[in-house]
Structure formats: C-alpha cells, structure tokens
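A.B. asks:
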Amino acid sequence: MTDSNVQNPIRKYLNRAFSSRIMKNASWMLCGQGVQLVGRMGYFVIIARALGPTAYGTFVACTALAATVAPFASCGTGNVLIKYVAKDSGVLRRYFGTTLLTTVFCGLLLTLLLLALRAFVLPPTATVGMVIAIVIADVFANEVIGLCMYAFLALEQGRRYSYLATVTTGVRLLAALVLLVVTPTATHWAYLYALSAAVAATIGLITICMLCGLPKFEFRSVVPAVKEGIHFATALSSQSIYNDIDKTMLARIASPAAAAIYAVAYRFIEPAILPIRSLGAASFPEFFRRGERGVRETLNLAISILRRSTLYGIAMAVGLFLGASLIPLVLGQAYAESTIALRWLCLLPAFKCVHIFLSDALTGANFQWQTSSAQLSVCVFNILVNLWIIRAFAWRGAAWSSLMTDGLLIVLLYLIIRWHLGRERRNPPAPATVAELGLTNS
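Its first residue numbered 22, the sequence shown is counted upward by one per residue in our numbering.
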C-alpha cells in the first residue's frame with residue numbers, strides 16, 4: 022500500500038471533521054482560549070508571586086464567594102438567549118436587552134448581599150473596598166462579558182467569541198503588569214482587576230452593537246426570561262459553589278495561606294479541560310436542536326463526544342500528576358505544598374469531561390431543572406462535607422471533597438438520564454420536523 026493510499030482516508034476524515042459547524046466553532050474557540058490560557062497563566066504567576074500566599078489567599082476567597090452568586094446577576098437569561106437565538110437569530114436584540122436589564126437590577130441586589138456576608142464568611146483581611154471592587158468585576162463586568170459570549174455562541178460566531186476571550190485576558194494581564202509598578206497588595210490588585218474587567222465588558226458591548234445593532238429593552242420580557250432562566254442560574258451557581266466555595270471556607274476555617282495552596286493547585290485544572298470547554302460551548306446550540314426529539318437524541322450526541330473527551334481527560338490527569346512538581350519552580354517554595362494538592366486533584370479533568378456533556382444532554386432536552394437539582398444536591402453535599410473535613414484536614418480535605426462531589430454528580434446525572442430513556446421507550450416522543458427544529462442545510 023502506498024503512502025498516498027494511507028493518507029487519503031486520513032485526509033478525508035480530517036476534512037469531514039473540520040468541515041462540520043461544531044468543529045469549526047470549537048476550533049476558533051480553542052484558538053482564542055489557548056491564547057487566553059497563556060495570558061491567564063501569565064497574570065496568575067505574576068499575582069501569586071507578587072502577593073504571596075496570605076494576600077493571594079484573601080483575594081481568592083473573595084472571588085470564590087462572588088463566583089457563587091454571580092450567575093444570579095443574569096439569572097440564567099444568557100442561556101435562554103442561546104436557546105431561542107439558536108433557532109431564530111432575529112430575536113437576538115430583544116433577548117440581549119433583557120439579559121442586560123436583568124444583570125443590572127439583580128447585580129445591585131447581590132452587591133448588598135455580599136457586603137452583608139463579608140464579616141461572616143470572609144477572613145478579616147478582606148476589606149470593604151476589596152469586596153466592592155471584586156463585585157464590580159465578577160458580578161457586573163464579567164457577567165456582561167459572558168452575555169456577549171453567549172450571543173456569539175448563539176450566532177455560532179466562534180471567531181468573535183475567541184476575540185473577546187483574548188481581549189479579556191489581555192487587559193487583565195496588562196493590569197497584573199501594572200501591579201508590579203505599584204505596591205502589590207490584595208486591595209490594589211482588586212482595583213486593577215475591576216478596571217480591566219470593565220474595559221473588556223465595554224469592548225464586548227461595542228462589538229455586539231456593531232454586529233447586531235442596539236439591544237431592545239423590554240421590561241415586560243424580564244420576568245418571563247428570569248422564570249425560564251432561573252434553573253440555569255441555579256445550576257451555574259451550584260457549579261461555582263462546589264468548585265469554588267471550598268476556597269472561601271478554607272480561608273475562613275483554616276487560613277488564607279491554606280486557601281492559596283489549594284487555589285494554586287486548582288488553578289491548573291481549568292486549563293487542563295480548556296479544549297473540552299471549547300467543544301462543549303460550540304456544541305451547546307446543537308444540543309438544543311436535537312433536544313426537540315428527546316433525551317435519546319441528545320444522549321447520542323453526548324456519547325459521540327464522550328468517546329474522545331474521556332480519553333483526553335485521563336491523559337490530562339496523568340500529565341497533571343507528573344507535572345505537579347514544577348509548581349515550586351514557577352511560583353516559589355512558598356507554594357511547595359500545592360504540588361501534593363494538584364496530585365490529589367489531577368483526576369478532576371477526567372470527571373468533568375463526563376458530567377459536562379451529561380448535563381448538556383439533559384439541558385438540551387429541556388430538562389434543565391433536573392440538571393439543576395442534581396448540581397444543587399452535590400452542592401449541599403460539598404458544603405456539609407467541607408464543614409467537617411476542612412477543619413480536620415485543611416486543604417487536603419477540600420481536595421478529597423472535590424473528588425467525591427464530581428464523582429457523585431456523574432452518578433446522579435447518569436441515573437436521571439437512564440430514567441428518561443426508560444420513559445421514552447414507553448412513550449416515544451413525536452418526531453420533529455425540520456421546520457420545528459429550525460435546521461437548515463448549512
């Protein structure tokens with residue numbers, strides 16, 4: 022057999038794979054998020070080394086707390102936007118205006134809530150100014166950036182999605198470099214963090230307006246959108262809680278330094294699953310299209326993705342375990358214990374590669390409330406376990422709790438999907454027409 026005969030099937034496979042709409046958008050997003058990864062690691066190294074474990078742990082505790090409530094700023098209306106704009110792009114301006122109105126109103130309420138919680142859940146080193154700055158960044162600006170990205174996802178504009186992701190990281194890296202010029206304190210970094218997020222949000226809004234026109238603000242649309250989106254917000258908040266709340270609890274129950282050791286290790290988990298996040302974002306509209314035909318259709322799509330994503334997750338787990346010893350070389354000996362923490366956490370990419378797409382299978386079939394219920398259940402489990410295990414084992418306990426939580430989520434989602442498959446066998450859903458699905462030949 023000649024080399025050309027061997028290469029032709031490979032070339033045909035690659036052409037077929039990368040000509041699909043999902044793969045094109047995923048490739049754009051992966052490129053943008055790859056640049057974003059380099060920038061994030063750059064400012065992460067700068068901030069961690071400049072602040073030291075105690076100050077960095079204080080900052081991380083504040084951002085972790087903000088992350089748990091930030092999804093309720095938009096109340097899941099960004100996901101509602103994807104759901105409807107993926108089927109009819111003509112409604113984008115109306116849904117985008119609704120998401121902005123919701124974010125402004127709910128964000129103000131969440132600001133008051135976080136200020137009230139500061140004295141009870143954050144370490145004493147977290148000042149009022151620091152909390153306000155982080156709220157501006159994470160509850161307002163980053164939510165607006167996320168809404169702009171949702172709009173690009175709904176329109177399947179992977180290139181613009183990656184552009185905004187790159188810009189967001191670029192201005193934050195610039196802010197980290199500015200911190201080296203001024204006195205590096207946690208409060209100063211919080212102010213620069215907020216400023217960089219505001220700049221990126223402004224750029225995102227301008228880009229959306231240039232692409233689609235000014236958003237339409239219809240106050241009567243807010244309540245229906247919030248009612249439909251609240252399950253998405255609950256799911257996102259639950260994810261943030263079981264991913265991030267342990268950092269806040271570590272800073273309060275153990276010490277900010279313990280939170281920093283754990284947070285530094287956890288920081289390497291998200292980059293490890295970056296390609297999977299990109300693929301998940303690109304395939305999200307397709308889950309909604311197939312969801313018209315029931316859970317079996319969305320599960321088939323999830324399985325086709327899981328065959329490769331699971332292998333990737335296992336490979337990343339091995340890579341993280343072996344590469345953990347490099348942390349002290351990059352960040353200094355103050356973070357030496359993060360090596361052990363990362364080796365405990367290295368299995369998380371394999372777990373997340375599974376439950377990301379199981380969640381999307383249920384969400385696409387319009388069972389988001391069941392996804393939210395599963396995530397809320399493991400969120401409660403995580404908090405209750407952490408109240409005991411962090412006191413007993415500090416950051417090691419937080420790592421063990423994270424592994425148990427992600428594993429439990431996979432089991433719950435699997436059981437829910439199995440129940441739906443049995444129900445559909447007994448009562449098959451009516452087949453949807455091409456017009457109902459909003460599909461074209463593109």
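Just so you know, even glycine gets a beta-carbon here, dropped at the ideal spot from N, CA and C.
Because the structure is a prediction, the values reported are computed rather than measured.
Buried or exposed for Lys248, going by 16 or more other Cβ atoms inside 10 Å?
C.D. replies: Looking at its Cβ environment, which holds fewer than 16 other Cβ atoms inside 10 Å, Lys248 is exposed.
A.B. asks: Alpha carbon to alpha carbon, how far is Pro306 from Leu300? Give it in angstroms, no decimals.
C.D. replies: Between Leu300 and Pro306, the C-alpha separation is close to 11 Å.
A.B. asks: According to DSSP, simplified to helix, strand and coil, what is Glu249?
C.D. replies: Note: Glu249 maps to helix in three-state DSSP.
A.B. asks: Residues in the same chain with beta-carbon distance under 7 Å from Ser110, minus the five sequence neighbours each way, listed in chain order, please.
C.D. replies: Result list for Ser110: Leu176, in chain order.
A.B. asks: Near Asn448, what residues of its chain come up, given a Cβ to Cβ distance below 7 Å and the 5 sequence neighbours on each side ignored?
C.D. replies: So no residue of the chain qualifies.
A.B. asks: Sorted by chain position, which residues of the same chain lie with C-beta nearer than 7 Å to Val375's C-beta, five sequence neighbours on each side aside?
C.D. replies: Leu327, Thr331 and Ile431, listed in sequence order.
A.B. asks: Hey, out of Cys367, Gly73 and Leu341, whose CA is closest to Thr204's CA?
C.D. replies: Taking only the C-alpha atoms, the option nearest Thr204 is Gly73.
A.B. asks: Please name the residue, chosen from Val220, Thr228 and Val106, that lies closest to Tyr184 on a Cα-to-Cα basis.
C.D. replies: Checked all of Val220, Thr228 and Val106; the closest Cα to Tyr184 is Thr228.
A.B. asks: Take Thr426 as the anchor and find which of Ala196, Phe65 and Ile266 has the nearest alpha-carbon.
C.D. replies: Per the Cα distances, Ile266.
A.B. asks: Could you have a look at Pro205 and say whether DSSP puts it in helix, strand or coil?
C.D. replies: In the structure shown, Pro205 sits in coil (DSSP, three-state: anything other than H, G, I, E or B).
A.B. asks: Given that a residue counts as buried once 16 or more other Cβ atoms are within 10 Å of its Cβ, and exposed if not, what is Thr384?
C.D. replies: Classification for Thr384: buried.
A.B. asks: Roughly how many angstroms lie between the CA atoms of Val90 and Ser258, to the nearest whole one?
C.D. replies: If I take the Cα positions, the gap works out to 6 Å.
A.B. asks: Closest to Leu226 by C-alpha separation, out of Ile251, Gly428, Gly118 and Leu131, would be which residue?
C.D. replies: Considering only alpha carbons, the answer is Gly118.
A.B. asks: With a 10 Å radius around its C-beta and 16 neighbouring C-beta atoms as the bar for buried, classify Arg446 as buried or exposed.
C.D. replies: So Arg446 ends up on the exposed side.
A.B. asks: In three-state DSSP terms, what is Pro292?
C.D. replies: In this structure, Pro292 counts as helix in the three-state DSSP scheme.
A.B. asks: Would Asn321 be called buried (16 or more neighbouring beta carbons within 10 Å of its own) or exposed?
C.D. replies: With fewer than 16 other Cβ atoms within 10 Å, it is exposed.
A.B. asks: Nearest by alpha-carbon distance to Cys367: which of Lys268, Thr187, Phe289 and Thr146 is it?
C.D. replies: When each option's Cα is compared against that of Cys367, the closest is Phe289.
A.B. asks: If you measure between the beta carbons of Ala215 and Ile251, is that distance less than 7 Å?
C.D. replies: No; because the gap between Cβ atoms is not below 7 Å, this pair is not in contact.
A.B. asks: For Leu135, report the span of its alpha helix (DSSP H) as first-last.
C.D. replies: Leu135 -> alpha helix (DSSP H) spans Leu113 to Val142.
A.B. asks: Using a 10 Å radius around the Cβ and a threshold of 16 neighbouring Cβ atoms, would you call Val188 buried or exposed?
C.D. replies: Under this definition Val188 is a buried residue.
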